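In what follows, a structure is listed as structure tokens, so that the remarks can point back to it.
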Amino acid sequence: MKKSVSLIMVLAMLVFTTGCTQYHAQGAGWGGLFGGAAGAMLDRGNSWRGFVIGATLGALAGATLTDVSMRASQEAATEGKPVEYRTTDGRGVYRADPIEYDVRTKCHKIQERVWEDGKLIKDEIKEVCEGNKTEPRY
């Protein structure tokens, strides 16, 4: 019974991540890695069970956070105004602010910031481009 539950969780994680973009897969991968490690340490009775449960939950959380980040930065670039998302309890805040647009490269620079419990935990500048870059330089 325990092995079938673990197999179902692994298969569910694969199903959720197969329809994702490269960025979603990276978010799911990092979330799964950290979630699996945390789950294995927390479940002292059966570290494999903890690993599988933690990895599954971590992968889903990582892909979801990546999706929020991608949607908000795209929206900020398209609309040309700040976009902010808050958790229902108000403890988490995500904000994307458009900074500038480069006509030559057709890329928008977006400042992405994330707060948790009022503390800034992420602050980075990312580019959102209208087309695909064909060269790694500008």
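When you read off a place in the sequence shown, starting at 1, and then add 72, the result is the number in the working numbering.
For glycine and all other residues, C-beta sits at the position ideal for the given N, C-alpha and C.
Computed from a predicted model, the values in this text were never measured in an experiment.
With DSSP as the reference, please indicate the residues paired to residue i in a beta bridge.
i	result
LYS153	Partner(s): none; LYS153 has no beta bridge.
VAL124	Answer by DSSP bridge pairing: none, since VAL124 is not bridged.
LEU192	TRP187
ARG167	GLU156 and ARG185
ASP174	CYS179
VAL200	HIS180
Output needed for residue i: all residues of its chain with C-beta closer than 8 Å, excluding positions within five of it in sequence on either side, in chain order.
i	result
ILE197	ILE171, LYS181, ILE182, GLN183 and GLU184
LYS153	PRO170
From residue i to residue j, what distance separates their C-alpha atoms?
i	j	result
GLU151	GLY164	23 Å
GLU147	LEU105	29 Å
LEU129	GLY107	7 Å
ALA127	ARG176	42 Å
GLY134	TRP120	20 Å
TYR166	GLY117	37 Å
LYS36	ARG158	The question about residue 36 has no answer here: the residues shown for the chain are numbered 73 through 210.
Grab me the residues of residue i's own chain with a C-beta within less than 6 Å of its C-beta, minus the 5 sequence neighbours each way, in chain order.
i	result
ALA168	ALA144, SER145, ALA148, VAL155, ILE182 and GLU184
Apart from the five residues on each side of it in sequence, which residues of its chain come closer than 7 Å, Cβ to Cβ, to residue i?
i	result
PHE123	GLY108, GLY111 and ALA112
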